[in-house]
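Numbered by the UniProt record's numbering, the letters in the sequence shown go through residues 1 to 262 in order. Glycine residues also receive a C-beta, built at the ideal position from the N, C-alpha and C atoms. As the structure is a computational prediction, the values presented were derived from the model and not from experiment. Presented below is the structure to which this report refers.
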Amino acid sequence: MKNDVPNPTDCWNPEQYKKFEKERNQPFFDLIKMIHPKPDMSVLDLGCGDGGLTRMLHDHLSSKKTLGIDSSLAMLKNSYAKKTPSLHFQLEKIEAFKPNQKFDLIFSNAALQWVPNHIELFESFPGMLEEKGQVAIQMPDNFDFPTHRLAKELALEPSFSPYLDKEKEPSVLPLEVYSDLLFRSGFKKQDVRIQVYSHLLESTDSVIQWVRGTLLTYYESELPKDKFELFLNRYITKIKDYFGEKKPFFLPFKRILIWGEL
Numbered sequence: 001m002k003n004d005v006p007n008p009t010d011c012w013n014p015e016q017y018k019k020f021e022k023e024r025n026q027p028f029f030d031l032i033k034m035i036h037p038k039p040d041m042s043v044l045d046l047g048c049g050d051g052g053l054t055r056m057l058h059d060h061l062s063s064k065k066t067l068g069i070d071s072s073l074a075m076l077k078n079s080y081a082k083k084t085p086s087l088h089f090q091l092e093k094i095e096a097f098k099p100n101q102k103f104d105l106i107f108s109n110a111a112l113q114w115v116p117n118h119i120e121l122f123e124s125f126p127g128m129l130e131e132k133g134q135v136a137i138q139m140p141d142n143f144d145f146p147t148h149r150l151a152k153e154l155a156l157e158p159s160f161s162p163y164l165d166k167e168k169e170p171s172v173l174p175l176e177v178y179s180d181l182l183f184r185s186g187f188k189k190q191d192v193r194i195q196v197y198s199h200l201l202e203s204t205d206s207v208i209q210w211v212r213g214t215l216l217t218y219y220e221s222e223l224p225k226d227k228f229e230l231f232l233n234r235y236i237t238k239i240k241d242y243f244g245e246k247k248p249f250f251l252p253f254k255r256i257l258i259w260g261e262l
């Protein structure tokens, strides 16, 4: 993601991302179970993507008003058909968004790993929430798995490293840091956990397609086109050298789930 405007090098591909929709949606349903529903809630969804899960969240909570924001115009284009009089979508960078109202719930599913400076971000949440406001956040924490580790190792090579900004790499903090952040930010109640989701994919090629729809978008957005093509080909070779041609491919995927209430 670039610094000044919402993602001008927008490499998100909604169709690629949706190839594993069922698997990617599992943590969303676990996350909404952590929310304490209240009548007439106002909800902010940070990183709403194509709006499909935002609409599910809105309907599940019978929210009075829901606003979804995302920095990818490609993803948001698919959200507008899901709008209702009480459900809206807006092109915004999460880290730059300054709402002109307060919310009962700040929600984010698989988005904040793309946002820098989580300490500052989490400390800003209380100022965006009503009394007894809640946060519900899910982020992947699979960065030590070979699919992610091999990409990071490849990015260190001289052919690619000059183009990449390490501060923009997706990352998360240790689990206990989020717990401490919630406490220091005034959240009187919290539930912070890690969960491993088990996915049985068709083959090694399938896991490459999985990563192509998420992690590799960062490298595609930062690298020149010819460099990204080289990066992708090298990455595929590294993955196949490491795993071989597995059929099926078992993918254990760690995710952080966070809930807190002021």
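Assignment of T214 by DSSP, reduced to helix, strand and coil, places it in the coil class. The secondary-structure analysis by DSSP pairs F103 across a beta bridge with L129. A residue is called buried when at least 16 other Cβ atoms come within 10 angstroms of its Cβ; D191 does not meet this threshold and is exposed.
Here S86 is near T66, since their CB atoms are less than 8 Å apart. Rounded to whole angstroms, the Cβ separation of F187 and G260 is 4 Å, and the two are in contact under 8 Å. Close CB contacts of L181 within its chain, under the 6 Å cut and outside five residues either way in sequence, are with F122 (chain order).
In the three-state scheme derived from DSSP, where H, G and I count as helix and E and B as strand, S198 is classed as strand. Just so you know, the alpha carbons of K254 and L223 end up roughly 27 Å apart. Going by C-alpha positions, D30 is about 33 Å away from K238. Residue pairing by DSSP places R255 opposite P140 and Q195 in a beta bridge.
The Cβ-Cβ distance between L262 and Q138 does not fall below 8 Å. Boundaries of the alpha helix (DSSP H) harbouring I236: K225 to F243, taken from the DSSP string. Annotation for S161: A155 place their beta carbon closer than 8 Å to its own, counting only its chain and skipping 5 residues before and after. The three-state secondary structure of V115, taken from DSSP, is coil. For H88, same chain residues with a beta-carbon under 6 Å away, outside a window of 5 residues either side, are L67 in chain order. Here DSSP, grouped into helix, strand and coil, assigns E261 to strand.
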